[in-house]
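What follows is a set of notes on a single structure, which appears directly below.
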Ligand code: B4P
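In my numbering, the protein residues as written are 40 to 229.
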């Protein structure tokens with residue numbers, strides 16, 4: 040069983056790459072961002088709560104996010120592994136993920152970080168905003184806030200996993216296919 044964390048700032052290409060990686064390696068892709076957007080589109084209480092944070096570029100509270108992620112993992116008892124995209128985004132989420140996997144006799148195999156500079160992130164997300172219909176993609180101030188939140192709350196997750204030697208860094212600039220090849224090389228070497 041291979042459990043991977045695809046890591047990086049907003050707009051670094053996690054969602055883009057996770058879909059094809061999940062297909063290639065036969066593992067389940069879990070995107071907390073997609074799960075929240077699904078709840079929002081159905082106007083559920085969870086979706087309405089998530090919306091109030093996401094539209095400002097803030098993180099949804101840990102208790103909500105961890106519970107939702109746990110339900111999704113539990114719903115796939117026969118999975119060969121998971122690729123976590125956009126989770127964990129805080130050290131508390133990372134600790135919760137480790138507990139969840141350890142209760143199943145599993146662990147995180149690697150955290151692979153996509154490295155992309157801030158100006159490229161802003162350009163990519165504004166470009167996606169032309170068609171995504173996402174409030175958090177259309178306003179440069181909100182995008183810059185998402186980057187600040189990443190640096191403050193999410194970047195420490197890299198250091199948390201670095202302590203156990205599970206972290207890898209990938210240059211996230213290049214074509215989608217080039218980055219996919221770089222990611223596969225790291226995963227194949229695990
Ligand atoms: P996410 O849905 O995770 O959104 P993201 O960080 O913007 O996306 P990603 O990095 O996956 O970028 P993508 O591949 O789409 O989170 C949105 C919000 O949800 C958060 O701000 C937060 O509020 C909330 N949330 C989610 N998870 C949470 C958690 N665990 N805890 C608390 N809150 C949480 O790529 C972006 C764009 O770049 C696309 O348009 C893509 O086509 C383009 N692109 C990709 N690769 C490219 C390349 N190589 N070259 C050029 N463009 C590229």
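Glycine is no exception: its CB is placed at the ideal position from the N, C-alpha and C atoms.
Given residue 55, which residues of its chain have a CB within under 7 Å of its CB, disregarding the five upstream and five downstream residues? Within the chain shown, residue 55 is the residue found at index 16, counting from 1. Around residue 55: 215.
Figure out for me which residue from 84, 226, 150 and 159 has the closest Cα to the Cα of residue 198. Position 159 of the chain shown, counted from the first residue, corresponds to residue 198. Among 84, 226, 150 and 159, the Cα nearest to that of residue 198 belongs to 150.
Report back the beta-carbon spacing between residue 147 and residue 200 to the nearest angstrom; my notes put them in contact at under 8 Å. For this step, residue 147 is matched to residue 108 along the chain shown. For this step, residue 200 is matched to residue 161 along the chain shown. Contact holds; Cβ gap of about 7 Å.
Of all the options 154, 134, 207 and 203, which has the alpha carbon lying nearest to the alpha carbon of residue 228? Here residue 228 refers to the residue found at position 189 when the chain shown is read from its first residue. Residue 228 has its Cα closest to that of 207, out of 154, 134, 207 and 203.
Is the separation between the beta-carbon of residue 41 and that of residue 64 shorter than 8 Å? As a working note, residue 41 is residue 2 in the chain shown. As a working note, residue 64 is residue 25 in the chain shown. Cβ atoms of residue 41 and residue 64: closer than 8 Å.
Minimum C-alpha distance to residue 135 - residue among 58, 108 and 89: Here residue 135 corresponds to residue number 96 of the chain shown, with the count starting at 1. Ranking 58, 108 and 89 by Cα distance to residue 135 puts 108 first.
Using only alpha-carbon positions, find the residue among 165, 209 and 193 that is nearest to residue 180. As a first step, residue 180 is located in the chain shown; it is residue number 141 there, counting from the start. Checking every option, the nearest Cα to that of residue 180 belongs to 165.
What whole-angstrom Cβ distance do residue 111 and residue 74 have, given they're in contact under 8 Å? Counting from 1 along the chain shown, the entry for residue 111 is found at position 72. Counting from 1 along the chain shown, the entry for residue 74 is found at position 35. Residue 111 to residue 74, Cβ: 7 Å. Contact.
Which residue's Cα is closest to the Cα of residue 127: 194, 59 and 203? As a first step, residue 127 must be located in the chain shown, where it is residue number 88. It is 194.
Less than 7 Å between the CB of residue 111 and some heavy atom of ligand 1, yes or no? If you number the chain shown from 1, residue 111 lands on position 72. No, the beta carbon of residue 111 sits no closer than 7 Å to any heavy atom of ligand 1.
Contacting residues, own chain, Cβ-Cβ under 6 Å from residue 115 (five flanking each side not counted): Counted from its first residue, the chain shown places residue 115 at position 76. Correct list, in chain order: 67.
List, from N- to C-terminal side, the alpha helix (DSSP H) runs of 4 residues or more that fit wholly inside the stretch 123-170. 130-141
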